[in-house]
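The block underneath contains the structure these notes are about, expressed in structure tokens.
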Amino acid sequence: DGGITQSPKYLFRKEGQNVTLSCEQNLNHDAMYWYRQDPGQGLRLIYYSQIVNDFQKGDIAEGYSVSREKKESFPLTVTSAQKNPTAFYLCASSEATMNTEAFFGQGTRLTVV
Amino acid sequence: AQSVTQLGSHVSVSEGALVLLRCNYSSSVPPYLFWYVQYPNQGLQLLLKYTTGATLVKGINGFEAEFKKSETSFHLTKPSAHMSDAAEYFCAVSGQAAGNKLTFGGGTRVLVKP
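As you go down the protein sequences, you meet chains P and V in turn.
All residue numbers for the first sequence refer to the numbering used here, where the first residue is 1 and numbers rise by one.
All residue numbers for the second sequence refer to the numbering used here, where the first residue is 1001 and numbers rise by one.
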């Protein structure tokens, strides 16, 4: 089945640690995205990539980093510089045209302990 | 710049009653508009989208939405609510002004009463 796989589903991080969230897609999509979801705030864009080896900052990129070395993979690292990382993180992919919908993974819930 | 406003963060409806979720957008160019649904602790699933052509679009699960350019609106409706419609709903917009990025509204959580 084609789709987007995020792992892990739940992740716990200690203060000061970096953690990496995985996102893999087999839809052959060029574009991939990371969103952060907090209650009552909708989805906010962290980073996006429209082609391999290229990515751009979204609205809330501070404290996060990404890479896009392969078309099917777009991992997100939450660094210790992110002051409030507890949230639900969603990865999505789409064809690189504006009128196509994004397909979402099942999300990773990150909690700082 | 583009933005999306969803009126009402929570909506409560009785089973069998009309569901109406409001979405207004701002965009400097003709927009592409989407409605997504999210069940607890899951990703988002596309309900329907408007790109060009017919302004009344039909989606899955009996939902439909109408694009009204003069009102910059894209409200979502379903004639008769079902218990399984309890979820959070997001309106989103994309367009040439912002590349291929989706901008989401704050979401509306729907509660269905028996």
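Backbone N, C-alpha and C fix where the C-beta goes; we use that ideal spot for every residue, glycine too.
All figures in this text were calculated on a predicted structure; none of them were measured in a lab.
- The secondary-structure analysis by DSSP pairs Ala31 (chain P) across a beta bridge with P:Ser94.
- Within the region 1039 to 1076 of chain V, complete beta strand (DSSP E) segments of at least 3 residues are found at 1044 to 1050, 1056 to 1058 and 1064 to 1068, given in chain order.
- Distance between Thr1108 (chain V) and Thr1072 (chain V), taken at the CA atoms: about 18 Å.
- Look at the beta carbons and you see the region 31 to 39 of chain P touching the region 83 to 95 of chain P: at least three pairs across the two are nearer than 8 Å.
- Chain V places no beta carbon closer than 9 Å to that of Asn28 (chain P), leaving this residue out of the contacts.
- Annotation: Ser1027 (chain V) has no Cβ neighbours in chain P at a cutoff of 7 Å; minimum Cβ distance is about 11 Å.
- As far as DSSP is concerned, Asn99 (chain P) takes part in no beta bridge.
- Membership of Ala1092 (chain V) in the beta strand (DSSP E) is indicated by the continuous run Ala1087 to Ser1094.
- When DSSP states are grouped into helix, strand and coil, Ser1012 (chain V) belongs to the strand group.
- Across the set V:Tyr1039, V:Gly1059 and V:Glu1064, the C-alpha of V:Tyr1039 shows the shortest separation from the C-alpha of Ala1087 (chain V).
- When rounded, the separation of the alpha-carbon atoms in Asn26 (chain P) and Ile4 (chain P) is 7 Å.
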